[in-house]
Structure formats: C-alpha cells, structure tokens
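Under the numbering used here, the first residue of the sequence shown carries the number 69, and numbering increases by one thereafter.
Ideal Cβ placement from N, Cα and C applies to all residues, glycine included.
Note that this is a predicted model, so its numbers are computed, not measured.
Quick notes on the structure that follows.
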Amino acid sequence: MSAWAELGDRTWVRRYDEWDLNVGLVVGVDGALVIDTRATIEEAEQLREQIRELTDLPVKWVVNTHAHFDHVNGNSVFEGAEVYLHENAAAEEKLAGTTFAAAKVIDLGDRRVELLWVGNGHTSGDAVVAVPDVHVFFVGDLLEESAPPSYGEDSFPLEWPDTIQAVVGMMPQDVRIVPGHGAVVDLEFAHDQAIELGKVANTISTLHHAGTSLEDALKHTDDWPWPVDKLQDAIRRGYAVLGTPQRPSLPLLGPG
C-alpha cells in the first residue's frame with residue numbers, strides 16, 4: 069500500500085494493494101470529498117483514519133466513479149456524507165445517493181469539483197470527477213494502467229471508444245489522470261488507450277460483418293491489442309448488440 073500522493077493543491081490519491089484500487093481526496097474550506105470508498109467496511113474504516121493524516125475537516129461528500137463493489141462498498145462508513153453517483157449506477161446496483169444525469173458541480177467552499185457523464189463504457193454509469201483548478205481528472209475504470217481495461221458483463225465495448233475520446237477531449241495538455249486501478253497517467257497514455265479501445269470495437273465489428281460466428285470470434289487471436297482471453301465479455305457484448313452475423317453473399321456475375 070502506498071502513501072498519499074499529492075496531485076495538486078489539496079488533491080491526493082492513494083493506491084491500495086487490495087484490488088490495486090485508487091482512492092481520491094479533495095479538500096476545500098468547507099470539508100473533504102472522497103472519490104470511491106474501497107471494497108469492504110474494514111477497508112473503508114482504514115481509509116477514514118488515513119484521511120486524518122491530511123485533514124481534520126469532515127468528509128462531507130463521497131463520489132462513486134461507478135457501482136462495482138470495490139469502489140462503493142465502504143460508502144456507509146462515511147456517515148453524514150452526501151453520496152453522489154450517476155443515475156444509471158444507482159439504478160443498476162440499487163445504491164443510495166444523490167444522482168445526476170449529465171453534470172453536477174459540488175461546491176467545497178473555495179473550489180469546485182465537477183462530475184460528468186459522457187456515455188457508456190466500462191459500465192452505463194461511469195462518472196468522471198474533474199478538479200479543474202489543479203487539472204486533475206479521476207476517471208474510474210474508464211481507463212486502467214496496471215491491467216487491460218476491464219470488459220465485464222455490464223460493459224459497452226462498441227460505445228466505450230467514443231466515450232473515452234469525449235473525456236480525453238475535455239482534458240488540458242498538462243492533465244494528471246487517475247485511473248480506477250494503477251499508476252497516475254498523462255494525456256498521451258489516455259490517447260493511446262483510447263486507440264486500443266477503438267481497435268477492440270473495430271475488430272468486433274469487422275469479424276461480425278465478415279459473418280464470423282460468435283464461437284469463432286471468441287477464439288480469434290489476431291488484431292486485438294490485448295490477449296483475447298481478456299476480451300471474452302467484450303466480444304459477447306458486442307455481438308449481442310450487432311445481432312446474429314449473416315454470412316456475406318458474393319456479388320452475382322453480370323452477363324458476360
């Protein structure tokens with residue numbers, strides 16, 4: 069487990085060995101805001117104590133980047149804090165909190181934190197947390213540094229590239245980007261991973277257009293930026309959207 073790393077004025081990240089998860093902390097004159105709360109009550113209680121290393125101000129706000137357990141299961145430890153998450157995340161996992169649809173600004177007194185939703189990706193409820201005064205973005209699992217992006221049964225592989233491109237388009241050149249898991253990255257890393265996400269979407273679409281069966285697509289080993297065994301749910305989810313592939317028909321020869 070690493071210590072707190074300061075990303076900018078009163079803005080920190082802490083990377084935990086458990087799930088290689090990143091937790092964010094932003095402090096204003098009116099209180100502290102926590103970004104994701106870890107996977108268990110015990111882990112969140114440890115987080116609560118570690119926040120005291122940085123500030124004695126109360127945690128008034130909790131933001132969940134999405135609804136997966138490793139990011140939300142500690143919410144209840146922060147009693148009295150207002151929990152924010154995207155409306156899709158709240159609906160899918162029946163999580164309690166203050167929801168938003170496209171954008172929300174949280175006023176910390178002398179600075180603001182912006183919550184943004186720009187489309188489907190890792191899930192349908194991925195929230196981007198921007199701290200504009202220090203050019204820091206917490207993007208949850210829309211980007212990953214220590215492993216390939218996590219395509220699960222609730223991912224949107226065909227939409228994810230457009231979503232992350234839209235997020236990247238909002239970022240300044242000197243941005244510091246905190247992924248859900250792994251080391252803090254820069255704009256070049258985000259651009260590169262967006263391209264790789266696009267390759268996955270394009271390969272799924274190309275295989276489908278060529279009439280490749282789902283069974284064969286799941287074994288296809290060429291053209292992927294990551295091992296195909298990491299992309300099984302991506303392929304299944306993509307094919308579910310595109311429908312049963314049709315065998316391409318050859319053009320009829322005209323009269324000679």
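Report task. Out of T105, H139, H136, point me to the one whose CA is closest to E147's CA. Result -> With distances taken between Cα atoms, E147 lies closest to T105.
Query - Own chain partners of V127 with C-beta closer than 6 Å, once the 5 adjacent residues on each side are dropped - result: Excluding positions up to five away in sequence, the list reads A100, V102, F146, A149.
Query raised in the report: What is the rounded straight-line gap between the Cα of G28 and the Cα of G220?
Result: Since the displayed the chain opens at 69 and closes at 324, residue 28 lies outside it and no answer follows.
**Report entry** Supposed close pair T79, V236 - CB separation, criterion 8 Å
**Finding:** About 20 Å separates the two Cβ atoms, so there is no contact after all.
Query raised in the report: When the Cα atoms are used, what is the spatial distance from F206 to R315?
Result: Across the structure, F206 and R315 are spaced so that their CA atoms are roughly 43 Å apart.
Query raised in the report: Which one of V196, E155, A135 has the shortest CA to CA distance from L184?
Result: Taking only the C-alpha atoms, the option nearest L184 is V196.
Query - Through-space distance from F137 to V95, alpha-carbon basis - result: Per the coordinates, the alpha-carbon of V95 lies some 25 Å from the alpha-carbon of F137.
Query raised in the report: Which residues mark the beginning and the end of the alpha helix (DSSP H) in which V235 is found?
Result: Per DSSP, V235 belongs to the alpha helix (DSSP H) from 228-237.
Requested in this report: Drop a sphere of 10 angstroms on the beta-carbon of Q261, count the other beta-carbons inside from all chains shown, and report buried for 16 or more, exposed for fewer.
Outcome: Buried, because 16 or more other Cβ atoms sit within 10 Å of the Cβ of Q261.
Query raised in the report: Around the C-beta of E86, are 16 or more other C-beta atoms found within 10 angstroms, so that it is buried, or is it exposed?
Result: Its Cβ having fewer than 16 others within 10 Å, E86 is exposed.
Query raised in the report: For N143, which beta-bridge partners are listed by DSSP?
Result: Answer by DSSP bridge pairing: none, since N143 is not bridged.
Report task. Decide if G248 is buried, meaning its Cβ has at least 16 other Cβ atoms within 10 Å, or exposed. Result -> Counting the other Cβ atoms within 10 Å of the Cβ of G248 gives 16 or more, which makes it buried.
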